[in-house]
Amino acid sequence: MLLKDKFAVITGGAGLNGLGFATARMMAAQGARVAILDLERADPAAAARQLGETHLGIVADVTDRASCDRAAQTVLQRFGRIDILVNNAGITQPRKTLDISAADYDAVLDVSLRGTLYMSQAVLPAMREQRSGSICCVSSVSAQRGGGILGGPHYSAAKAGVLGLARAMAREYGVDGIRVNCVTPGLIATDINKGLIPDDRKKGILEQIPLNRIGEPDDVAGCLVFLASDLAKYCTGITLDVNGGMLIH
Ligand code: NAD
358 MLLKDKFAVI
368 TGGAGLNGLG
378 FATARMMAAQ
388 GARVAILDLE
398 RADPAAAARQ
408 LGETHLGIVA
418 DVTDRASCDR
428 AAQTVLQRFG
438 RIDILVNNAG
448 ITQPRKTLDI
458 SAADYDAVLD
468 VSLRGTLYMS
478 QAVLPAMREQ
488 RSGSICCVSS
498 VSAQRGGGIL
508 GGPHYSAAKA
518 GVLGLARAMA
528 REYGVDGIRV
538 NCVTPGLIAT
548 DINKGLIPDD
558 RKKGILEQIP
568 LNRIGEPDDV
578 AGCLVFLASD
588 LAKYCTGITL
598 DVNGGMLIH
């Protein structure tokens, strides 16, 4: 078991078809106790129940600093420590540059970028006290190649911001035994893109993916388990591509 006796927090983990829940399930199978954080409407308690009674579901909005701090405190009271944080919560919008409103910009950057900062701020003091921790941030191929398949330029900017934030935190906190890394998924079949890619576009998309399939949530979950685990104990500040070869660089 790669994560025996580890305690993990996963944001945006309540959607049963999403990357966050797949990661929660795989981390639990590897021995971790998991706290799933998500918005009230996503029902994180129900998602946690699917994993078993030792896991937690907590309502939290990552765009709200007080909400992040409250969630981290609840996890610390229940679990006693936090070894792993997966900053997974994110939203996307299909927009052209000239159509991005101020509200669009705020919505997309607040969840991915501000949320990654606020949740990291909420767990870092406890990790620093323990002198260990692994923070894994979910960025996107969209940050690296200037647009993925669906998200607008503000989504690319948010996810590129996550890469910069994670690398800077890795540099700052390595001395405290805390590792910070990113995954950059390509196109993964989840609710974020369900029904949004017309069949006639799929063929063209697959031609650009050497492994010739759209990714599954477990493809990303496996990489997050690796980064969170001691197998990756000399990795910090890295970006692990999980894109089937869509971007090779
Ligand atoms: P998803 O929509 O299933 O998951 C996103 C989750 O974030 C949802 O459960 C949602 O309720 C939650 N969330 C939204 N706003 C929140 C907030 N303010 N506070 C807390 N939780 C909030 O989609 P997914 O594909 O599983 O996405 C997970 C992550 O992976 C996102 O960051 C997404 O940008 C990223 N990503 C996805 C793909 C893909 O192709 N699916 C590719 C690259 C990156």
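So for the sequence shown, our numbering puts the first residue at 358; every next one is plus one.
From the three backbone atoms N, C-alpha and C, an ideal C-beta is built for every residue, glycine too.
No experiment lies behind these values; they were computed from the predicted model shown.
If we ignore side chains and look at the alpha-carbon of each, how far apart do P574 and L455 end up? Here residue 574 refers to the residue found at position 217 when the sequence shown is read from its first residue. Here residue 455 refers to the residue found at position 98 when the sequence shown is read from its first residue. So the alpha carbons of these two residues sit roughly 32 Å apart.
Pull up the CB-CB distance for N600 and P510, whole angstroms please, since I reckon it's below 8 Å. Locating residue 600 in the sequence shown gives position 243, where the first residue counts as 1. Locating residue 510 in the sequence shown gives position 153, where the first residue counts as 1. Not confirmed; about 19 Å, so no contact.
Cutoff 7 Å; reference G579; Cβ partners in own chain excluding five residues on either side: For this step, residue 579 is matched to residue 222 along the sequence shown. For G579, where only same-chain residues beyond five positions count, the Cβ hits under 7 Å are M383.
Touching or not, the segment 375–395 and the segment 514–526, by the rule of three or more beta carbon pairs under 8 Å? Because the criterion of three Cβ pairs below 8 Å is not met, the segment 375–395 and the segment 514–526 do not touch.
By Cβ distance, which residues of its chain are closer than 6 Å to L536, with the 5 residues on each side in sequence left out? The residue given as residue 536 occupies position 179 in the sequence shown. It should be pointed out that residue 536 corresponds to Arg in this sequence rather than to Leu. In chain order, S491, T593 place their CB closer than 6 Å to the CB of R536, counting only its own chain and leaving out the 5 sequence neighbours on each side.
Neighbour-count burial assignment, H606, 16 or more Cβ in a 10 Å radius: Position 249 of the sequence shown, counted from the first residue, corresponds to residue 606. The residue is exposed, with fewer than 16 neighbouring Cβ atoms inside 10 Å.
To the nearest angstrom, how far is it from the Cα of P555 to the Cα of I562? Position 198 of the sequence shown, counted from the start, is the residue given in the question as residue 555. Position 205 of the sequence shown, counted from the start, is the residue given in the question as residue 562. The alpha-carbon separation between P555 and I562 amounts to approximately 11 Å.
Leaving aside the five residues before and after A479 along the sequence, list all residues of the same chain whose C-beta is less than 6 Å from its C-beta, in chain order. Within the sequence shown, the letter at position 122 stands for residue 479. Beyond the five residues adjoining it in sequence on each side, A479 comes within less than 6 Å, by CB distance, of C425, D426, A429 in the same chain, given in chain order.
Answer yes or no: do T547 and L507 have a C-beta to C-beta separation smaller than 8 Å? Residue mapping note: residue 547 aligns to position 190 of the sequence shown, counting from 1. Residue mapping note: residue 507 aligns to position 150 of the sequence shown, counting from 1. Their beta carbons are not under 8 Å apart, which means T547 does not touch L507 by this criterion.
Report the rounded CA-to-CA distance for R485 versus S477, giving the unit in angstroms. Here residue 485 is taken as the residue at index 128 of the sequence shown, counted from 1. Here residue 477 is taken as the residue at index 120 of the sequence shown, counted from 1. Roughly 11 Å separates the two Cα atoms.
What residue does the alpha helix (DSSP H) around T431 start on, and which one ends it? Here residue 431 refers to the residue found at position 74 of the sequence shown. Run containing T431: 422–436, per the alpha helix (DSSP H) assignment.
Backbone CA spacing between M603 and P567 [nearest angstrom]: Here residue 603 refers to the residue found at position 246 of the sequence shown. Here residue 567 refers to the residue found at position 210 of the sequence shown. Approximately 7 Å, taken between the alpha carbons.
Have a look at S458, G437, N374 and flag the residue whose alpha-carbon is nearest the alpha-carbon of V366. By one-based count along the sequence shown, residue 366 stands at place 9. Closest option to V366, judged by alpha-carbon separation, among S458, G437, N374: G437.
So the alpha helix (DSSP H) L376 belongs to, where does it begin and stop? Start at 1 with the first residue of the sequence shown, and residue 376 comes out as number 19. Unbroken alpha helix (DSSP H) run through L376: 376–386.
Which residues mark the beginning and the end of the alpha helix (DSSP H) in which S499 is found? Reading the sequence shown from its first residue, position 142 is the one you call residue 499. 498–502 is the span of the alpha helix (DSSP H), which, as asked, contains S499.
Could you check what DSSP says for C539 in three-state terms: helix, strand or coil? Within the sequence shown, the letter at position 182 stands for residue 539. DSSP places C539 in strand when its eight states are reduced to three.
Determine whether the beta carbon atoms of R422 and Y462 lie at a separation below 8 Å. One-based indexing of the sequence shown puts residue 422 at position 65. One-based indexing of the sequence shown puts residue 462 at position 105. Cβ atoms of R422 and Y462: not closer than 8 Å.
Backbone CA spacing between P451 and A459 [nearest angstrom]: As a working note, residue 451 is residue 94 in the sequence shown. As a working note, residue 459 is residue 102 in the sequence shown. Between P451 and A459, the C-alpha separation is close to 15 Å.
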